[in-house]
Each structure stands twice: as structure tokens, then as C-alpha cells.
Amino acid sequence: MQLPRAVLFDWDNTLVESWGVIHEAMNLTLDAMGHPTWTREETEQRVRASLRDSFPHLFGDRWKEAEKIFYQSFEAIHLAHLRPLAGAEELLAYLSGTLGLPVGVVSNKRGAFLRKEAEHLGWSGYFRRLAGAGDAARDKPAIEHVQLALGEIAAGPEVWFAGDADIDLKCARNAGCTPILLRPHAPAEAEFPGHEPSLYFPDCAGFLAYLRQA
């Protein structure tokens, strides 16, 4: 496969470790709303869509109240717990610096938090645009989210979209981009029907090694 002309990334648990923070904020919200709390495994299985897409199903008419609780809880702890995944910065530096490719982020984390985290890590310069939840008319897996992140660049197979979850692969397919699965465990047979990854890497170092050999 030839090198891409642009690369998009999911953010949480693709470039940074976030499950601990998300799990804690989610359980604080569930408890405050009178719902049973989740195990860490349940959080990792259930958290995919943005809050404006998922919370109405979880909390019904009270979803705005739950959203406020979640974001207050998240804002208080997210920067203290923010950790880049191994090899992530080296991968971003190679793509944006050595190869000179446009790099962006499509995340269902609220845009203000997303950009604050990138700035906190000193990564803002690697990205042409960071598109978070609420920044576009619709959130991931909708194509508007991808279009916002790409700006004047047209979506297509030469744009690679790397993420750790099914929603990232769906979003890539919806936009006509090449879906890349980036997570420690390999995809199971028939795990992603209709939105199978074109490439799989267990970590950022594996992705970087592939790019250097292409």
C-alpha cells in the first residue's frame, strides 16, 4: 500500500491512555443519576459515541443533567491523568515532520477538552485540525466530522483513519477513507462486518515501522 496523503487519528486510547479517566467520570455520573455503576470492562465496551448521541439513550429526558455532571467530573481530573501511549509522539512527528503530511484528529471527546489535552502534551503543532464532539453538525461516525478535520483536503482512500474501536472504522468507511485498526489485540474473525480494517497495527511503534518501510 502506498503512503497516504493525509492521516486522521482517533484520540482516546489511540494516541493517549484515557480509559481510567473516562471510567471514573462515567461512574460518578451514573451514581449521581441513580444508575448502577459499570465495571471497567463495561465502560470500554459501551463508550463509543459522543455524549450528545449516547446520553439521551442512557438517561432519557435527564440527559442534559447527566452531561453536566460528567463534564464537571471529567474536567476536574483529565489533565492530571493524561498519558500519551508509547510511541505516539514519535509517530506524529514522523508523519507531520519527516513526511510533511497533514495530520488531524476526529474524536468524540468535546472539542475544547481535546484541544486542551493536545496543548498540555505539547502536540498542537503536529495537527492541522483537531475536531472534537460538537465541533461539526454531527459527531463520529458521521462524515461531517471527517470533513471538518480535513478542511480543504478531500476524503478518499488516500486518507488513512486510525483508531482503536468499531466507531472509528465505521467513520472511515462512511467517509471513503482507509480504515486502520490501532490497538493491542488483533481483530477477531468477523468482528467488524462491513467496516473491516485495511491495516492493523498493535501499537504506534508498529505503525511507524510500517511507514518507514513503505
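Start counting at 1 in the sequence shown, then tack on 34, and there's your number in the working numbering.
C-beta atoms are modelled at their ideal positions from N, C-alpha and C, and glycine is treated no differently.
Beta carbon of Leu164, beta carbon of Trp53: below 9 angstroms?
Taking the sequence shown and counting its residues from 1, the one referred to as residue 164 is at position 130. Taking the sequence shown and counting its residues from 1, the one referred to as residue 53 is at position 19. No; because the gap between Cβ atoms is not below 9 angstroms, this pair is not in contact.
Tell me whether Asp173 is buried or exposed, calling it buried when 16 or more other Cβ atoms sit within 10 Å of its Cβ.
In the sequence shown, the residue the question calls residue 173 occupies position 139. Per the 10 Å Cβ criterion, buried.
I'd like to know if the region 189-207 and the region 215-232 are in contact, where contact means that at least 3 CB-CB pairs between them fall below 8 angstroms.
yes
So what's Ser158 in DSSP terms, helix, strand or just coil?
Numbered from 1 along the sequence shown, position 124 holds the residue referred to as residue 158. Residue state for Ser158 is assigned as helix, using DSSP reduced to three classes.
Would the beta-carbon of Arg74 fall within 9 angstroms of that of Gly168?
To locate residue 74, count along the sequence shown from 1; it is residue 40. To locate residue 168, count along the sequence shown from 1; it is residue 134. Going by C-beta atoms, Arg74 is not nearer than 9 angstroms to Gly168.
Could you pull the start and end residues of the alpha helix (DSSP H) that Asn61 belongs to?
To locate residue 61, count along the sequence shown from 1; it is residue 27. Unbroken alpha helix (DSSP H) run through Asn61: Trp53 to Ala66.
Using a 10 Å radius around the Cβ and a threshold of 16 neighbouring Cβ atoms, would you call Ala248 buried or exposed?
Within the sequence shown, numbered from 1, the residue matching residue 248 stands at position 214. Exposed: under 16 other Cβ atoms inside 10 Å.
Let me check one thing: in DSSP terms, what residues is Ile214 bridge-paired to?
What you label residue 214 is simply residue 180 of the sequence shown in a count that begins at 1. Ile214 is bridged to Ala196 and Leu233.
Write down the C-beta distance between His179 and Val139 rounded to the nearest angstrom, noting that I regard them as a contact closer than 8 angstroms.
As a position in the sequence shown, residue 179 is number 145, starting the count at 1. As a position in the sequence shown, residue 139 is number 105, starting the count at 1. Contact flag wrong, Cβ pair sits at about 10 angstroms.
Where does Pro90 sit, in a helix, a strand or coil, going by DSSP?
To locate residue 90, count along the sequence shown from 1; it is residue 56. Looking at Pro90 - three-state DSSP - the assignment turns out to be helix.
Please specify which runs of the alpha helix (DSSP H), each continuous and at least 4 residues long, are wholly inside the region 89-156, giving them in chain order.
97-115, 122-127 and 145-155
Quick one, which of Trp72, His91 and Pro191 has its alpha-carbon nearest Ser232's?
If you number the sequence shown from 1, residue 232 lands on position 198. When only C-alpha atoms are compared, the closest one is Pro191.
Which residues does DSSP list as the beta-bridge partners of Val249?
There is simply no residue 249 to check, as the chain begins at 35 and stops at 248 in what is shown.
Any contact of the region 55-69 with the region 145-163, i.e. 3+ C-beta pairs under 8 angstroms?
no
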